[in-house]
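**Student:** Taken in sequence, the protein lines are chains A and B.
Per the UniProt record's numbering, the first sequence starts with residue 1, numbered consecutively.
Per the UniProt record's numbering, the second sequence starts with residue 1, numbered consecutively.
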Amino acid sequence: MISTNSTGEPALRIENLDKYYGTFQALRGINLSVQRGEKIVVCGPSGSGKSTMIRCINRLEQHNGGRIAVLGTELNDDVGNIDEIRREVGMVFQHFNLFPHMTVLENCMISPMIVRKQPRAQAEATARHYLEKVRIPEQAMKYPSQLSGGQQQRVAIARALCMQPQIMLFDEPTSALDPEMVSEVLDVMVTLASEGMTMICVTHEMGFARRVADRVLFMDGGEILEEAPPDEFFTSSRNERTRQFVSQVLGH
Amino acid sequence: MVSLLRNQKVRNALLQVLYVGSIAAMVLAGIVIARRNLADQGITSGFDFLFKSTGWDVNFSLLPATANDPYWWYFLIGIINTLFLGSVGLILATIVGTIVGLARTSSNDLARLLGRTYVDIFRNIPLILQVFFWYAIITHLPTPRSAHEAWGFLLTSRGLYIPFPNVGSAAFAAATVAVIAAIVLPAWLGRTSLLAQPIGQRRTIQFAAAAAALACATIILALGRLPDTPLLDFPALQGLNLRGGLRIPPEFATLAIAIAIYGGSYIAEIVRGGFKSVGTGQVEAALSLGLSPWRVFTLVRLPLALRAMLPILANQYVWLMKATTMGIAVGFTDFFMIVALTINHSGQTLEAIGILMAGFLAINLSLAAVFNRINKAIALKGNQLRG
Numbered sequence: 001m002i003s004t005n006s007t008g009e010p011a012l013r014i015e016n017l018d019k020y021y022g023t024f025q026a027l028r029g030i031n032l033s034v035q036r037g038e039k040i041v042v043c044g045p046s047g048s049g050k051s052t053m054i055r056c057i058n059r060l061e062q063h064n065g066g067r068i069a070v071l072g073t074e075l076n077d078d079v080g081n082i083d084e085i086r087r088e089v090g091m092v093f094q095h096f097n098l099f100p101h102m103t104v105l106e107n108c109m110i111s112p113m114i115v116r117k118q119p120r121a122q123a124e125a126t127a128r129h130y131l132e133k134v135r136i137p138e139q140a141m142k143y144p145s146q147l148s149g150g151q152q153q154r155v156a157i158a159r160a161l162c163m164q165p166q167i168m169l170f171d172e173p174t175s176a177l178d179p180e181m182v183s184e185v186l187d188v189m190v191t192l193a194s195e196g197m198t199m200i201c202v203t204h205e206m207g208f209a210r211r212v213a214d215r216v217l218f219m220d221g222g223e224i225l226e227e228a229p230p231d232e233f234f235t236s237s238r239n240e241r242t243r244q245f246v247s248q249v250l251g252h
Numbered sequence: 001m002v003s004l005l006r007n008q009k010v011r012n013a014l015l016q017v018l019y020v021g022s023i024a025a026m027v028l029a030g031i032v033i034a035r036r037n038l039a040d041q042g043i044t045s046g047f048d049f050l051f052k053s054t055g056w057d058v059n060f061s062l063l064p065a066t067a068n069d070p071y072w073w074y075f076l077i078g079i080i081n082t083l084f085l086g087s088v089g090l091i092l093a094t095i096v097g098t099i100v101g102l103a104r105t106s107s108n109d110l111a112r113l114l115g116r117t118y119v120d121i122f123r124n125i126p127l128i129l130q131v132f133f134w135y136a137i138i139t140h141l142p143t144p145r146s147a148h149e150a151w152g153f154l155l156t157s158r159g160l161y162i163p164f165p166n167v168g169s170a171a172f173a174a175a176t177v178a179v180i181a182a183i184v185l186p187a188w189l190g191r192t193s194l195l196a197q198p199i200g201q202r203r204t205i206q207f208a209a210a211a212a213a214l215a216c217a218t219i220i221l222a223l224g225r226l227p228d229t230p231l232l233d234f235p236a237l238q239g240l241n242l243r244g245g246l247r248i249p250p251e252f253a254t255l256a257i258a259i260a261i262y263g264g265s266y267i268a269e270i271v272r273g274g275f276k277s278v279g280t281g282q283v284e285a286a287l288s289l290g291l292s293p294w295r296v297f298t299l300v301r302l303p304l305a306l307r308a309m310l311p312i313l314a315n316q317y318v319w320l321m322k323a324t325t326m327g328i329a330v331g332f333t334d335f336f337m338i339v340a341l342t343i344n345h346s347g348q349t350l351e352a353i354g355i356l357m358a359g360f361l362a363i364n365l366s367l368a369a370v371f372n373r374i375n376k377a378i379a380l381k382g383n384q385l386r387g
């Protein structure tokens, strides 16, 4: 599972990334380098390009300029490269996006069996292991719609982990949840972080950012305006726009 | 007494009795009047005519038919013709509809434009006009002498001639069943053992099943082959007519094409709607898990789209089954045309129409029942939330 061209290469390197939707420029010259095991929290107002940026990392969006290298593999039009990167990069979405026609267990097993060509027994063992880890082993045979939002999101995390990815992307994983379910998902993410997973999270959960982030990024207008360790980010930001945003999200 | 009438339950019961009673009275009156009128015209009502011989021929039959055969046998022929035309039409319409529907959801501009044009044209022209259009085209094809020929297929105004294996009809029917099994069996095995085996092993089992069924078909054909004939019988000109091969009559071809093209335009919209209803979120999730676009299609988009399509598709199939009654417009002896001829020849109008209605009810209710079963079996569990 360990990538061959590992040692010196960062987990993720983004250089001068541009992304357009028609004539609208969603990302302007983004530069970002993420080391293995690093946890990055990305925040910013809606429409600032945070989701677009992390969706570029596994090619759910195609970038128009600059370059992205994931685990040393260049992300370009090469389908082989795209497949390789998607195998190693897990993603968790705001709306869970579980497959409604499959049980929780099948959701977790399908990709390892087909993409990683694992035998059923092994895939099931892996799936049950990760369902245990997200603390819902007893829901394995249920269908996604029979679960609560928080449970569904934890299944989504388990499903991504079953591919044993090296990087996990989280796109506002708690934004669609009822307040009392947010913490059960964040707890799982904190555990994951403590185990050394490389994580890039778009989230407005500032408590989570404080606890686990190595760096917090603030984006607005398609640019990264600020990049700092959480303490510095929340207390002594140099950027006026960042200070305004921080006071708004922490204000109540 | 008055207080009893003020009781809600008593009132409801009384209304119910009144309602059922008046319907029964109407039906009874209808029957009595009809019987009296028929008796006045000297027509005896009843179903005795079913066992009399018809005295006329049918131009298309999958079963042996002569003018000496009784009416009930002709009705059976009609139902089988309708079912045969219906199944061929439905299968072709589904193929056309799937292709056009996928073209309409494609990211390719040209494919979308073509798909849209197709649907706009064929959905908005009445079916009967399309039937006449195709019939005119087919009957204006060249005579057998100057037929269009390609790979042993002949296109003529007398129908489409195709090479056909020289086998007995029983063997051919058995072989057809085996070929259908070769298609259905792997799909069924794929469903029942989905995820039960590693993907490679599943494939092997599916291939083995298909191969076994096809081998059976070959053996049946080889055994059932008529003695001293070549395996394939090619149509060829003999005198002024064509001999050999299988002739698909212009009437059948017309209706099959018309149902396929017209039905295809409706099914295309159903297919498009089905695929549009699949959340982009599920597709993105599948892609982010590293599944190939083809796998995303077969494992996520298609199964979810099918679930959305099925109820509407069942409705469309029932509709198209009824469209086979267009047979009377071009002279194809479907169930409806047989009933119409029966009425002309025997005068047993009410009985024949009763049989016609009962027959179509039976066909379409069974079709609907099959689809309901499938629908229930694959329905998504619980309340669906699509993100």
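Backbone N, C-alpha and C fix where the C-beta goes; we use that ideal spot for every residue, glycine too.
Please read all numbers here as calculations on a predicted model, not as lab measurements.
(1) Please confirm whether Ser175 (chain A) and Gln62 (chain A) have their CB atoms less than 8 Å apart.
(2) Okay, do the region 155–174 of chain B and the region 243–262 of chain B touch, 3+ Cβ pairs below 8 Å being the bar?
(3) Under the DSSP definition of a beta bridge, which residues are partnered with Lys39 (chain A)?
(4) Are the C-beta of Ile110 (chain A) and some C-beta of chain E separated by less than 8 Å?
(5) Give a yes or no on whether the minimum CB-CB distance between Ile114 (chain A) and chain B is below 8 Å.
(6) Determine, for Ala175 (chain B), whether the minimum Cβ-Cβ distance to residues of chain A falls below 8 Å.
(7) Using a cut-off of 8 Å between C-beta atoms, extract the partners of Pro303 (chain B) located in chain A.
(8) Could you say if the region 17–32 of chain A and the region 52–62 of chain A meet the contact criterion of at least three C-beta pairs nearer than 8 Å?
(9) Helix, strand or coil: which one does DSSP assign to Asp57 (chain B)?
(10) Establish whether the CB of Gly274 (chain B) and some CB of chain A are separated by less than 8 Å.
(11) Give the interface partners of Arg307 (chain B) over in chain A, defined as CB-CB distance under 8 Å, in chain order.
(12) Is the CB-CB distance between Val131 (chain B) and Gly264 (chain B) below 8 Å?
(13) Would a check of beta-carbon distances place Leu291 (chain B) closer than 8 Å to chain A?
(14) Please confirm whether Glu284 (chain B) has its beta-carbon closer than 8 Å to some beta-carbon of chain A.
(15) Along chain A, in chain order, which residues have C-beta atoms closer than 7 Å to that of Arg295 (chain B)?
(16) Pull out every residue of the region 83–98 of chain A whose Cβ sits closer than 8 Å to any Cβ of chain B, in chain order.
(17) Using a beta-carbon distance below 8 Å, is Val300 (chain B) in contact with chain A?
(18) Under the rule that 16 or more other beta-carbon atoms within 10 Å means buried, what is His101 (chain A), buried or exposed?
(19) Under 8 Å, do Glu227 (chain A) and Arg210 (chain A) count as touching if we go by C-beta distance?
(20) Assuming Val339 (chain B) and Gly78 (chain B) make a contact with CB atoms under 8 Å, what is their CB distance in whole Å?
(21) Please return the same chain residues whose Cβ sits closer than 6 Å to the Cβ of Val88 (chain B), not counting the five positions on each side in sequence.
(22) Here's the rule: buried if 16 or more other CB atoms are within 10 angstroms of the residue's CB, otherwise exposed. What is Tyr118 (chain B)?
(23) Provide the residue(s) that pair with Thr156 (chain B) in DSSP beta bridges, ordered along the chain.
(24) Could you round the C-beta distance between Leu12 (chain A) and Val34 (chain A) to whole angstroms and report it? I think they count as a contact, below 8 Å.
(25) Counting only C-beta atoms, is Thr58 (chain A) closer than 8 Å to chain B at any point?
(26) Since Gly281 (chain B) meets chain A, which of its residues come closer than 7 Å, beta carbon to beta carbon?
(27) Please confirm whether residue 475 (chain B) has its beta-carbon closer than 8 Å to some beta-carbon of chain A.
(28) Is the CB-CB distance between Asp178 (chain A) and Val202 (chain A) below 8 Å?
(29) For Leu302 (chain B), which of B:Gly274, B:Arg35, B:Ala217 and B:Asp48 has the nearest alpha-carbon?
(30) Give me the DSSP bridge partner(s) of Glu149 (chain B).
(31) Can a CB atom of chain A be found closer than 8 Å to the CB of Ser277 (chain B)?
(32) Strictly under 8 Å for the Cβ-Cβ distance: is Leu189 (chain B) near chain A by that measure?
(33) Take Met113 (chain A) and list the residues in its own chain whose beta-carbon comes closer than 7 Å to its own, dropping the five residues that flank it on each side.
(34) Report the three-state DSSP secondary structure of Ala67 (chain B) (helix, strand or coil).
(35) 8 Å is my cut-off, CB to CB: does Ser288 (chain B) come that close to chain A?
(36) Taking one C-beta from the region 343–362 of chain B and one from the region 32–45 of chain B each time, how about it: are there three or more such pairs within less than 8 Å?
**Tutor:** In short, the structure shows the following:
(1) no
(2) yes
(3) Paired residue(s): A:Met199.
(4) Among the chains of the structure shown, chain E does not appear; the protein chains present are A and B.
(5) yes
(6) no
(7) Residues of chain A passing the Cβ test: His101.
(8) yes
(9) When DSSP states are grouped into helix, strand and coil, Asp57 (chain B) belongs to the coil group.
(10) no
(11) His101
(12) Not closer than 8 Å, so no.
(13) yes
(14) yes
(15) Ordered by position in chain A, the residues that pass the 7 Å Cβ test against Arg295 (chain B) are Ile114.
(16) Asp83, Arg86, Arg87, Val89, Gly90, Met91, Phe93, Gln94, His95, Phe96, Asn97 and Leu98
(17) yes
(18) buried
(19) It is not a contact, given that the beta carbons lie outside the stated cut-off.
(20) Yes, Val339 (chain B) and Gly78 (chain B) are in contact; Cβ-Cβ is about 7 Å, under 8 Å.
(21) Apart from the 5 residues on each side of it in sequence, Val88 (chain B) sits with its Cβ closer than 6 Å to the Cβ of Ala256 in its chain, given in chain order.
(22) buried
(23) B:Gly159
(24) 4 Å
(25) A quick correction: the sequence has Asn, not Thr, at residue 58 (chain A). Yes - at least one Cβ of chain B is within 8 Å of the one on Asn58 (chain A).
(26) Phe93, His95 and Asn97
(27) Outside the modelled stretch of chain B, which goes from 1 to 387, sits residue 475 (chain B), for which no answer is possible.
(28) Going by C-beta atoms, Asp178 (chain A) is not nearer than 8 Å to Val202 (chain A).
(29) Nearest C-alpha to Leu302 (chain B): B:Gly274.
(30) B:Leu154
(31) no
(32) no
(33) Arg120 and Ala123
(34) The DSSP-derived three-state label of Ala67 (chain B) is coil.
(35) yes
(36) By the C-beta criterion, the region 343–362 of chain B is judged to be in contact with the region 32–45 of chain B, since at least 3 inter-stretch pairs fall below 8 Å.
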